[in-house]
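Student:
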Amino acid sequence: MKKILGVVLLTFMLFTAACGKDDYPPVAINEEIDRCEVCNMAIKDDAYATQIITKEGRSLKFDDLGCLVEWRNEHSADSIAATYVRDHNSLEWIKYDKAYYVYDASIQTPMAYGVISFETEAAANSYMNEHGVGMLMDAEALAAHSWEVNKEMMGSHDHGHSHGHDHSDAHDDADAHDEEEAHGEADAHNEAAVHDDAA
0 MKKILGVVLL TFMLFTAACG KDDYPPVAIN EEIDRCEVCN MAIKDDAYAT
50 QIITKEGRSL KFDDLGCLVE WRNEHSADSI AATYVRDHNS LEWIKYDKAY
100 YVYDASIQTP MAYGVISFET EAAANSYMNE HGVGMLMDAE ALAAHSWEVN
150 KEMMGSHDHG HSHGHDHSDA HDDADAHDEE EAHGEADAHN EAAVHDDAA
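Using numbering that gives the first Met the number 0, the letters of the sequence shown correspond one by one to residues 0 to 198.
Okay, here's the thing in structure tokens:
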């Protein structure tokens, strides 16, 4: 009887502990392989990284909060188990709907959406006071936010990400270089032919 009672008590304790545990915890960023689900940029393990954990347990990672919101707007909320952002100061993961946000077009973020996150309202206010810019928002306010990209900023800063269009630009440059070489070789060949005719 005591043995049975002990098993029941142990089972109850384990069940109680499980109830207090987050079933969908955030996953660490791996800078070597993680890429944004929306823009395909490499994700830095920094204050701008965000992620969604699906109900299947898959971690979807984003390099900018704006990319995460774009993904959420295009997919069913039923598939989402948890959404996380980073505290701008400590880099700790915090729940999306519990965080406080600061927006200003001048704030540099990887995709230039200009929104950063904080665990507490006091920390968000402190940032705005220190930098003299920003508008305080919560998750509900973010839903009505316009999420405009600061296009001027997109070309003026780099957070160590590999932009997809950089590869195509490099490819275009290489094609142009090859074309110039081909023209050069053709011109040299024509000059040699003229020289032979003259001789």
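Positions of the beta carbon are idealized from the N, C-alpha and C atoms, including for glycine.
Keep in mind that this is a model prediction, so the values were computed, not measured.
Which same chain residues, not among the five before or five after Thr82, have their C-beta less than 6 angstroms away from its C-beta?
Tutor: Cβ within range, chain order: Ile51, Tyr95.
Student: Can you give me the Cβ contacts of Val148 inside the same chain, cut-off strictly under 8 angstroms, excluding the 5 residues immediately before and after it?
Tutor: So the qualifying residues of the chain are Gly65, Met110, Ala111, Tyr112.
Student: Starting from Leu135, trace the beta strand (DSSP E) both ways and give me its first and last residue.
Tutor: Its beta strand (DSSP E) spans residues 134-137.
Student: Does the separation of the CB atoms of Val26 and Ser58 fall below 8 angstroms?
Tutor: Result yes, Cβ atoms of Val26 and Ser58 sit closer than 8 angstroms.
Student: My assumption, with CB atoms under 8 angstroms, is that Lys54 sits in contact with Ala80. Please give the rounded CB distance.
Tutor: Between Ala80 and Lys54 the Cβ distance is about 5 angstroms, and since that is below 8 angstroms, they are a contact.
Student: Beta-carbon separation of Ile115 and Ala46 under 8 angstroms?
Tutor: Contact: yes.
Student: Kindly indicate which three-state DSSP category Ser78 falls into: helix, strand or coil?
Tutor: Ser78 falls in the helix class under three-state DSSP.
Student: Checking 8 angstroms against the spacing of the C-beta atoms, do Ile32 and Lys60 come in under that value?
Tutor: No.
Student: With DSSP as the reference, label Leu90 as helix, strand or coil.
Tutor: Coil at Leu90, not helix or strand.
Student: Can you give the Cα-Cα distance for Gln107 and Ala76, rounded to whole angstroms?
Tutor: Cα to Cα, Gln107 sits roughly 28 angstroms from Ala76.
Student: For Ser105, name the three-state secondary structure that DSSP assigns.
Tutor: Coil at Ser105, not helix or strand.
Student: Measure the beta-carbon distance from Val132 to Ser105 and round it to whole angstroms, keeping in mind my assumption that it falls under 8 angstroms.
Tutor: Yes, they are in contact, since the Cβ atoms of Val132 and Ser105 sit about 6 angstroms apart, within 8 angstroms.
Student: Among Met136, Val101, Arg34, Met152, which one has its Cα closest to the Cα of His130?
Tutor: If we check each option's Cα against that of His130, Val101 comes out closest.
Student: With H, G and I counted as helix, E and B as strand and the rest as coil, what does DSSP make of Ser125?
Tutor: Helix at Ser125.
Student: According to DSSP, Ala41 sits in a beta bridge with which residue or residues?
Tutor: DSSP lists Arg34 as partners of Ala41.
Student: Following the continuous beta strand (DSSP E) through Val26, name the residue where it begins and the one where it ends.
Tutor: Segment: none, Val26 is in no beta strand (DSSP E) and carries neither H nor E.
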